[in-house]
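Notes for the one structure printed next.
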Amino acid sequence: MRTGVCYFPEHWPSEEWERDIAAMADAGLEYVRMAEFSWGVLEPERGEFDFGWLDEAIELVGDHGMEAVLCTPTATPPKWLVDERPSIRQEEPDGTVRQHGSRRHYCFNSTAYREETARIVERVTERYADSPHVAGWQTDNEFGCHRTVRCYCDDCAEAFRTWLADRYGDIDRLNEAWGNAFWSQQYGSFEEVDPPGPTPAEHHPSRLLAYARFASDSVVEYNRLQADLIREADPNWFVTHNFMGRFPTLNAYDVSADLDRVAWDSYPTGFVQDRYDGEASPDQLRAGDPDQVGMDHDLYRSALDRPFWVMEQQPGDVNWPPHCPQPGEGAMRLWAHHAAAHGADAVLYFRWRRCLEGQEQYHAGLRKADGSPDRGYADAARASEEFAALDSADHVDAPVAVVFDYDSLWALDAQPHAPEFDYWALQEAFYGAVRGRGVQVDVVPPSADLSGYAAVVAPALHLVTEDLADRLTDYVAGGGEVLFGPRTGVKDAENKLRPTSQPGPLTDLVGAAVDQHESLPRRLETAVRRADGPTDDGSDADDGAAPSASFRTWAEWLDPDAAEVRYTYEVDGPADGRPAVVANAVGDGRVTYCGVWPDPDLADALASALLGRAGIRYADRLPDGVRVGYRGGHTWVTNFTGDRLRLPGIDPDSLAVDDADRDAVDAAGDGGEDS
Amino acid sequence: MRTGVCYFPEHWPSEEWERDIAAMADAGLEYVRMAEFSWGVLEPERGEFDFGWLDEAIELVGDHGMEAVLCTPTATPPKWLVDERPSIRQEEPDGTVRQHGSRRHYCFNSTAYREETARIVERVTERYADSPHVAGWQTDNEFGCHRTVRCYCDDCAEAFRTWLADRYGDIDRLNEAWGNAFWSQQYGSFEEVDPPGPTPAEHHPSRLLAYARFASDSVVEYNRLQADLIREADPNWFVTHNFMGRFPTLNAYDVSADLDRVAWDSYPTGFVQDRYDGEASPDQLRAGDPDQVGMDHDLYRSALDRPFWVMEQQPGDVNWPPHCPQPGEGAMRLWAHHAAAHGADAVLYFRWRRCLEGQEQYHAGLRKADGSPDRGYADAARASEEFAALDSADHVDAPVAVVFDYDSLWALDAQPHAPEFDYWALQEAFYGAVRGRGVQVDVVPPSADLSGYAAVVAPALHLVTEDLADRLTDYVAGGGEVLFGPRTGVKDAENKLRPTSQPGPLTDLVGAAVDQHESLPRRLETAVRRADGPTDDGSDADDGAAPSASFRTWAEWLDPDAAEVRYTYEVDGPADGRPAVVANAVGDGRVTYCGVWPDPDLADALASALLGRAGIRYADRLPDGVRVGYRGGHTWVTNFTGDRLRLPGIDPDSLAVDDADRDAVDAAGDGGEDS
Amino acid sequence: MRTGVCYFPEHWPSEEWERDIAAMADAGLEYVRMAEFSWGVLEPERGEFDFGWLDEAIELVGDHGMEAVLCTPTATPPKWLVDERPSIRQEEPDGTVRQHGSRRHYCFNSTAYREETARIVERVTERYADSPHVAGWQTDNEFGCHRTVRCYCDDCAEAFRTWLADRYGDIDRLNEAWGNAFWSQQYGSFEEVDPPGPTPAEHHPSRLLAYARFASDSVVEYNRLQADLIREADPNWFVTHNFMGRFPTLNAYDVSADLDRVAWDSYPTGFVQDRYDGEASPDQLRAGDPDQVGMDHDLYRSALDRPFWVMEQQPGDVNWPPHCPQPGEGAMRLWAHHAAAHGADAVLYFRWRRCLEGQEQYHAGLRKADGSPDRGYADAARASEEFAALDSADHVDAPVAVVFDYDSLWALDAQPHAPEFDYWALQEAFYGAVRGRGVQVDVVPPSADLSGYAAVVAPALHLVTEDLADRLTDYVAGGGEVLFGPRTGVKDAENKLRPTSQPGPLTDLVGAAVDQHESLPRRLETAVRRADGPTDDGSDADDGAAPSASFRTWAEWLDPDAAEVRYTYEVDGPADGRPAVVANAVGDGRVTYCGVWPDPDLADALASALLGRAGIRYADRLPDGVRVGYRGGHTWVTNFTGDRLRLPGIDPDSLAVDDADRDAVDAAGDGGEDS
Ligand SMILES: [Zn+2]
Ligand SMILES: [Zn+2]
Ligand SMILES: [Zn+2]
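Residue numbers (numbering that gives the first Met the number 0), protein chains in the order written: chain V, 0 to 674; chain E, 0 to 674; chain L, 0 to 674.
Printed below as a string of structure tokens:
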């Protein structure tokens, strides 16, 4: 487990580099990421390259016993290039062209930009192919940030048509697959298909899904172009990319297939402000939410089933959320440990020093603008020291898989049918319930091999093929335990309904069908009540949960066939008394289908019942903001609240979810102590 | 009174048609609407027509003793046509062109599209001119839906100039009529006048009104083009169009003049979510609001003073409102009876079967996606059975006319002067008060002959010509009773103020002038107090209403001349003590002018006083959500609430507003019983 | 002190002019502003001029002993001109062109429009060069209203490049000054620099500041073009311009340098609705806020250190705010007195008569549409009479300067880092605290000579040059008292951070550095607590303020060096106990640095301490809405509340902040009496 930092020597007088880099080494940092966004410095005019500054900075990094991680500079094509080849710019659906003046103003499908990308990547990688101090490369930066995955330019239109022709072969198959007889949306040829532009009414959901897939695939292809060139220059380098948190438009599993290592950028107090479901609490504003951050850790770890990196770790206050409150005391250390517990092998802080110029002046670094230590520096140094004992190769064992499906996300995003229906938030509702019982989770795609997991949670597996249904059925029949959430099995692979009841090909497995669904404004949301009587697995009988529990946003009225009823609606409305949650036994396993978006108490009851049935040892319910992780024989208790951790109602032994030695680490906002 | 359903055979395998159509007949349905949006199926390539599927479907409908209602497919020009003649597309004020990919992407003034429209309408109508199973035609679908009445393309610019030249003759008359000396807005010729595009500040209100009128007239002209062609093909057919609910940009009276029958599309639980003033209550989310729906019933019935059709009746959950809660039990039957009570001759449910593909997958049908009965099916079948006793030709008698004026709506929309000033909501405030006393209402244009009405309510007759003022004065002088609302008589026909005090040419009739007006944010709204002492008609003395009543949004300070004061302001502000409501006697009739937007208690007091003066028998005040209707000797008590109907404070006899036999029908959310 | 009115004879039949103008004179009005927006009447076709109407109106004004103030008509180029030279139109960042149909649809940098401007201004000024009845000219109208200061057209792009080349000389200096190495934003030449258009992420803050300065300078240049032509025609005329209230994009100090007299347009009940921080109270909705209006009075008076005019005084209800409540009784008189107290030499009401046509029909005048007196007429007449005693040349003495810096405003607007961070609102927080102690204020630019002020308040002097820091240090060293607010001294002149701690070059003066800053959402805002113990100046010891006081939005953690701590944070968060306000003694003066946005109690405590230290006599804290002003030996107590003024807790003598005779004027909403 190592630490590092992101550094921009080009922003500082060269006479300060030695001091800066020495201070990094002093703090125990081992990696220095550089050259991101540096195209304008590397090639001030076409063909005129200046590598001297970077040569020198890499040398200094090596001199201090650290390694450089370099970035291709493609996230910021310079103005001369944009002016010379204006077609590289992204276009919005209404034709607005995104101009130079910030970053990410290029189109992934631009043929001109792919040429320029190849040219610059070849040039910078060949330059450092022999360097003993360069460990590997990050491609570009945060693909898709600032809503840039989906572009609507002419190059994209062409590429989309090619992508469609490859996928569907002939236009009649596309018309059939999407169902274009509806509203006279048939196409006569692939040439007739445009990117989805401004229309009077909503778009065809199958067309939207196709465009979402195409756009994500375009990034995959663009990343592969870079990865191949990097490996060509020096096969010993690792290739990585820094993904974003809770990022909805890019399939990270697909991009990761071309990487040696997955990295992502973690900004806990920013994420709770700008991509969180609900208003952040004071504690969350100071330290973020461990489940929100943890689910990304688990997703990116699971992408290659391999330790990941945090390429950018929040170092203090940041500039881009609505507000920039100061993180709680020790938060920068807490986040590093939390990442380690979730399987990180390196945590690099972003950035070394508060920048004097440009868009990120309100983004802290480990050092202040004047070069003196900022709040994060001591945290980072302490974390580096504490990490010395950890082996970076340790695997994180997770008995539970949460199935995360970008296709389902995109399909539901095209048809949410409730303004507050957010796929990610629904995933977090189930994910957090498992994590709240101290149990570790892999976040895997539907294509993953599930056989190694004792239990599987699929919160909203919206698109289900026959093949996937078969695999899930085999899993359960072989003794697996599955918990499904609402809106599962609704669509086929092309975002069309099937001429059957829901959950479609999973109906036999679930032992029930969905009679009706409804989305509910807040004033209609109410509760479900636990069904009386014994259950075949005893799962609900002894969970101590209250007999009533609330839900939100979505409700399905279930018609059980083979399944038993677990919860029924307790509402002032036509659903009253109808089954809301059912359970079914198939072969050696069992499956529960939850037809509502559960509030935390219900999610916990369902999760703990699942864990119990699966024979997974689980803890008493942890307080909000407190989570447990274990890896390589160490246990972390991470406290994201401002309260000193007492865990009054929790038996310390119940936290020992692993047999390893316990090495509790606590880094609470106000310096809570070990428990 | 008949029932029917909308069917899209082209969305289903032909081997299922027989089963589907037989099930329709089984439910007692008598009309099947088809061919809407079917251009792409009817003419997959230019000049290549395929009528076989529709021939077969019509035959099957006839075989089962039902009649087909066909639709011209012009709401969805196919992609090949859009690509061939791109000028048909609508344009937004900022130049954004609305593209293919949903529906209604054509311009009503496009010369190219009028040619194509004539071509396809001729072709499909000639095809079925001899069919014994086709009862009539619906032109297009929901003209203007998705904000498509007003387009800003070059064809529209040309058409607007022609429309202006026709209306004003020469440009100086236009400059004079609008008052273009203001801010140097004079035009030198009609060629200089553009559609209203993006401007730094707000537009000239007279120009906006002209554009609203022109745009509505364009639809009238476009509909007439179709209606004429349909009648040419077979003069025995009826021609109808399905209007939308609470639809503000199209003058339905004008379009209706070219129709044989008016139809509209009723979605009660959608309307309370997306076009309702205020947050919908749980009851309204389950069954809609009877006054919101009822006012459209009455408007569309009054348009031709003839029974109307509900061409699309909500069948269950629908896809387009923010949320899609399930309707209450029996709601689909309730709505059909409510329509019948208001004068419908047919109710067609939309749609037969939940569609597997495209934009409306989240829209229920009478049958589920798998073809089995959905919640609405039993409701529809029961309504069909119950309707057997009703004669479809029965007239609805209404002693009260509410004057609804699209020109006033457009003028107020251009100058609301309070963000929450909504013409339709103000109309509903007065309309609901009359309906809340069990009294039936016609909703008529200002041009209507009022002589048959015992009372007239004009909630905001903003544009008043001398001629209209004379007609209203004659009506009152002849014994009519009138209730005016605020903002009446403010403008001339061109949306200009008159150089007189308000209500302009109605001042003598009202017997008072408006000294001041003000719009009020919520925290300034307060109350009016009933004036003490006897009144000349005793109207307020015995109404039992509280002496104080609240108002909202708008307040006028009245200066009575001949009129008596009925209410004065009771506020903490400069209006305190000033007259707010006055009454005047003219000839044999009387007129009340209400200078505020009344809250329900005040609206009820004013309405009941009006009914009393007019000698109209009225009921005790009905509970919210409960309404009474009578037609052809039958009385309906419709309960839109989730509560069983007890009507505790209401004497059953008081509901007998008609001398006919009572045939109370109740279809409450939870199965309330007859009362 | 004189009064006047704005009149549009071209909107009325000429036979009514005599009556109208006579009624003006009857009310004691002495100025009549005319010809604004009249281009279309003056030149209906190119080269065809019609001055007859204006000749006649001026003559009538003179006949009645009044003087005309004329306006150049350039705010509304007529349609024929726009059609002939379409390049004059403004363009939005996304390319949308702003069209004819309202006003201000021209670009300040349009070369075509500058030609046309010169042509029309020469023509109209030469026409009246000999008139004995024309006192002076207003250039255009409300430069920049409707967000028109910043245009993005091709002419602007060219002009921006020239402006940059003038400012920076060569492109490397620009790159260095802005810090364009960040995100590869370097330019190779001035030709590469565009106006800031649509980009994926936020813009470079230095580029935004440059564009804001350039755009403001463009208006300065455009105004100078007009002012020069007016003076050329008749050097005896005064030249003025009517600025807007609380107007953020135009540097009024810079424009004023080319004027003889500054004027502005005051709409108190509009401003509290559409440009006020927070929801307006009922009193504010009826009479506006005296500090909001007062700060503009003081700013525009300070611009030339000379009595100003209110060129448009609200006459009653107005059309453009969200709501148009009626002003309280006497409000139109109150505002005139308030303006007089703040140094106005003339108050002209806008407008004479409610207009029958166009966009301002819902804007009251002193007369109603029918020509009879409206609510404001009696107020205006009474004010005219009362003003007879006042000498218009009287100077307003202000012992305190508030430093208002448009560059800081623009810099903070580019990087607010809290959605609710509004520069103007923060200025008002400090300004209102000084005014709340009955003390008069000049609102001056950073370049002002401060030597005459006993105390200086700089609420957020964000951009601080070394030179400015030296001047402030000299001021304090020489005995001056300074109060700084948060976010002071953060940036250099180009909107870049300095490689030092904040407040940058003011750090020695302040005797403390900013360790951290944070912006806070509402749920994290809390309080500061007064430091215990004696202070060197005794300033806080006897102020009677509560020991705790709340703050909002922004917090800085201070590290005092030479300074003493005055307040520390009292929060549940990492700032707890850290210094929030410090004070330092330098030479003969002292400086206080307040690191938070103070709520009113804290602002009052800081302001009264400042006044005490500076030896400025100040009043007991005045109630909200009540303010005191004095000028030329008269004292005004202006009451903007609806309550009769009792001032129960205030010793009348404490109001005597001047030794002059007291001539208290009260014009409360409900007719409160003198106190
Ligand atoms: Zn593209
Ligand atoms: Zn058009
Ligand atoms: Zn421009």
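Note that CB positions come from ideal geometry on N, CA and C, so glycine has one too.
As the structure is a prediction and not an experimental result, all values here were calculated from the model.
Residue state for residue 557 of chain V is assigned as strand, using DSSP reduced to three classes.
Chain L has a Cβ within less than 8 angstroms of the Cβ of residue 522 of chain E. Using a 10 angstroms sphere on the CB of residue 328 of chain V, the tally of other CB atoms reaches 16 or more, which defines it as buried. In chain order, 154, 155, 158, 217 place their CB closer than 6 angstroms to the CB of residue 108 of chain V, counting only its own chain and leaving out the 5 sequence neighbours on each side. Residues of the segment 313 to 328 of chain E with a C-beta less than 7 angstroms from any C-beta of chain V: 316, 318, 321, 322, 323, 324, 325, 327, 328, listed in chain order. In this chain, the alpha helix (DSSP H) harbouring residue 507 of chain V covers 506 to 509. Within chain V, the residues 318, 323, 361 have their CB atoms less than 7 angstroms from the CB of residue 416 of chain L, given in chain order. Within the chosen limit of 7 angstroms, ligand 1 reaches the beta carbon of residue 90 of chain V through at least one heavy atom. Residues of the segment 564 to 578 of chain E with a C-beta less than 8 angstroms from any C-beta of chain L: 571, 572, 573, 574, listed in chain order. Counting C-beta atoms within 10 angstroms of its own C-beta, residue 234 of chain L has fewer than 16 neighbours from the protein chains shown and is therefore classed as exposed. The nearest non-hydrogen atom of ligand 2 is 7 angstroms or more from the C-beta of residue 215 of chain E.
Counting only the Cα atoms, residue 462 of chain L lies some 46 angstroms from residue 380 of chain L.
Think of a sphere of 7 angstroms around the beta carbon of residue 203 of chain E: the chain L residues whose beta carbon falls inside it are 100, 357, 358, in chain order.
When C-beta distances to chain V are compared with 8 angstroms, the residues of the segment 328 to 357 of chain E below that value are 328, 353, 354, 355, 356, 357, in chain order.
The Cβ-Cβ distance between residue 182 of chain V and residue 119 of chain V does not fall below 8 angstroms. Comparing alpha carbon positions, the residue from L:135, L:484, L:12, L:604 closest to residue 69 of chain L is L:135. In this structure, the alpha-carbon of residue 632 of chain L lies about 58 angstroms from that of residue 426 of chain E. Within chain L, the residues placing a beta-carbon under 8 angstroms from that of residue 36 of chain V are 181, 182, 183, ordered along the chain.
About 19 angstroms separates the Cβ atoms of residue 523 of chain V and residue 333 of chain E, ruling out a contact at the 8 angstroms cut-off. Apart from the 5 residues on each side of it in sequence, residue 103 of chain E sits with its Cβ closer than 7 angstroms to the Cβ of 74, 144, 145, 147 in its chain, given in chain order. Among the residues facing chain L, residue 498 of chain E is included, as its CB has a counterpart in that chain under 8 angstroms away. For the pair residue 370 of chain E and residue 18 of chain E, the CB atoms are nearer than the 8 angstroms cut-off. Per DSSP, the continuous beta strand (DSSP E) segment holding residue 242 of chain L begins and ends at 237 to 242.
Within chain E, no residue has its CB atom less than 8 angstroms from the CB of residue 166 of chain V, the nearest being about 17 angstroms off.
Contacts with chain V at 8 angstroms (Cβ-Cβ) do not include residue 267 of chain E. The continuous alpha helix (DSSP H) containing residue 386 of chain E extends over residues 374 to 386. Beta-bridge analysis with DSSP links residue 625 of chain V to V:638.
In chain order, 101, 102, 103, 144, 145, 358 make up the part of chain L whose C-beta sits under 8 angstroms from the C-beta of residue 200 of chain E.
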